[in-house]
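Scroll down for the structure; my scribbles are underneath it.
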């Protein structure tokens, strides 16, 4: 998984006045959980642009006073009116400990059902997985090529040895639904070939 580097400064004071002063100065108050004790720090708003305003998943390398901490984004709070980042929670990760993270789904292929007028409904554009940090994927690939009208793609079809899905087996990732413009799905290629050969065989007789 790709990683983003953020350089911050540890916070000596975490009171309301100090936090307000940080925000007024264009800094975002943050905290890292998961270690021996929470670590409070701040960094400029622009430092989080590539982490927050993107559909991609990333780990984060946070540099504080010469030390680097590997983490993932756990929670973020935005101002209800201005949408400015108000606070970010990070969770520290370690190479030998599994971590749970939400990963985006990348849909690939051309569905047979969609080609026949069906509509692809993406029930889950992101999925929660559990894995060692080095096994976390940038995205989860969902191949929809074989989906016909009425078919569903379940999370079990996307199983991978590197990570575990934290969803029930009957979780639907996507499905092809019928529409007014839909036509019946074509039969398998073998059936089509037999139909095409039938007139020739009859003529031979």
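Residue numbers (this note's numbering): 355 to 559.
The C-beta atom is built at its ideal place from N, Cα and C for all residues, glycine as well.
Residue i to residue j span [Cα, whole Å]
i, j, result
"residue 524", "residue 506", "10 Å"
"residue 371", "residue 403", "25 Å"
"residue 398", "residue 430", "15 Å"
"residue 513", "residue 493", "13 Å"
"residue 508", "residue 483", "15 Å"
"residue 452", "residue 443", "18 Å"
"residue 400", "residue 407", "11 Å"
"residue 464", "residue 422", "43 Å"
Cutoff 8 Å: residue i Cβ touching any chain C Cβ
i, result
"residue 367", "This model lacks chain C altogether, as it is built from one protein chain only."
Three-state class that DSSP yields for residue i in the structure shown
i, result
"residue 518", "strand"
"residue 402", "helix"
"residue 408", "coil"
"residue 362", "strand"
"residue 375", "helix"
Same chain, Cβ closer than 6 Å to residue i, neighbours up to 5 away in sequence not counted
i, result
"residue 461", "496 and 498"
"residue 640", "The chain is shown only over 355 to 559; residue 640 falls outside these bounds and no answer can be derived."
"residue 392", "385"
"residue 388", "445 and 446"
Cβ separation of residue i and residue j, assumed to be a contact under 8 Å, to the nearest whole Å
i, j, result
"residue 382", "residue 396", "6 Å"
"residue 458", "residue 355", "Not a contact, Cβ separation roughly 11 Å."
"residue 520", "residue 454", "6 Å"
Same chain only: Cβ atoms within 7 Å of residue i, ignoring 5 sequence neighbours per side
i, result
"residue 467", "501, 502, 503, 505, 530 and 539"
Same chain, Cβ closer than 8 Å to residue i, neighbours up to 5 away in sequence not counted
i, result
"residue 363", "395, 396, 397, 418 and 419"
"residue 475", "528, 529, 530 and 531"
"residue 365", "372, 376, 383, 394, 395 and 396"
Within the stretch 459–510, ranges of the beta strand (DSSP E) (whole runs, at least 3 residues):
If we require 3 residues or more, the beta strand (DSSP E) runs fully inside the stretch 459–510 come out as 473–475, 480–485, 494–497 and 506–508.
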